[in-house]
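Q:
Residue numbers (our numbering): 9 to 131.
Right under this line is the structure:
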C-alpha cells in the first residue's frame with residue numbers, strides 16, 4: 009500500500025512539473041497555457057485586430073471570421089493547410105490588450121509565436 013501511495017505522489021509531482029514547464033515560452037512576457045499563447049500589447053483591441061488581419065494576410069493565412077464587441081475581438085483564421093487559428097483580443101486597460109492565439113487543435117507554440125511577432129510588427 010505504501011508503494012502505491014509513493015507512486016501516486018511521484019506521478020502527481022511529475023505531472024505538476026510538466027504543467028508548470030509548459031507555462032513559459034522563450035518569448036519575454038508571453039506564456040503558453042494548454043496550447044494557447046498569450047501576452048499583453050500596448051494598443052487597443054481594434055488596432056490589434058487590424059494588425060492581426062494584416063499579419064494573417066502577410067503570412068498567407070485567411071481570416072474566416074471576426075466578431076467585435078466593446079471589450080473583446082474574437083477572430084478565426086486558417087493557414088495554408090486549413091489549420092484553424094483562434095485569436096482573442098481583450099481590452100485590459102487604457103490602451104492595453106491581451107492577445108491570445110491558439111493554433112490548431114492542440115496548439116503549436118512555434119507557429120503561434122510567429123503570428124504573435126507578425127502582429128506586433130504590423131502595429
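Yeah, the Cβ is synthetic: ideal placement off N, Cα and C, and Gly gets one too.
Name the two residues that bound the continuous beta strand (DSSP E) containing residue 107.
A: 104-111
Q: Label residue 135 either buried or exposed according to how many other C-beta atoms from any shown protein chain fall within 10 Å of its C-beta, with 16 as the threshold for buried.
A: Only positions 9 to 131 of the chain appear in the structure, and residue 135 is not among them; the question remains open.
Q: Under the three-state reduction of DSSP, which class applies to residue 119: helix, strand or coil?
A: helix
Q: For residue 127, name the three-state secondary structure that DSSP assigns.
A: helix
Q: Identify, in the order they occur along the chain, each residue of the same chain with its Cβ nearer than 7 Å to the Cβ of residue 104, setting aside the five sequence neighbours on each side.
A: 48, 50
Q: Report yes if the CB atom of residue 107 is closer than 8 Å to the CB atom of residue 63, and no otherwise.
A: Residue 107 is not a Cβ neighbour of residue 63, given a cutoff of 8 Å.
Q: What is the C-beta distance between residue 59 and residue 76, in whole angstroms, given that I count them as a contact (C-beta under 8 Å)?
A: Residue 59 to residue 76, Cβ: 14 Å. No contact.
Q: May I ask which residues mark the beginning and end of the beta strand (DSSP E) holding residue 74?
A: 70-76
Q: For residue 61, which residues of its own chain have a beta-carbon under 6 Å away from its beta-carbon, when the five flanking residues on both sides are left out?
A: Apart from the 5 residues on each side of it in sequence, residue 61 sits with its Cβ closer than 6 Å to the Cβ of 71 in its chain, given in chain order.
Q: Can residue 94 and residue 110 be called in contact, C-beta distance under 8 Å?
A: Less than 8 Å separates the beta-carbon of residue 94 from that of residue 110.
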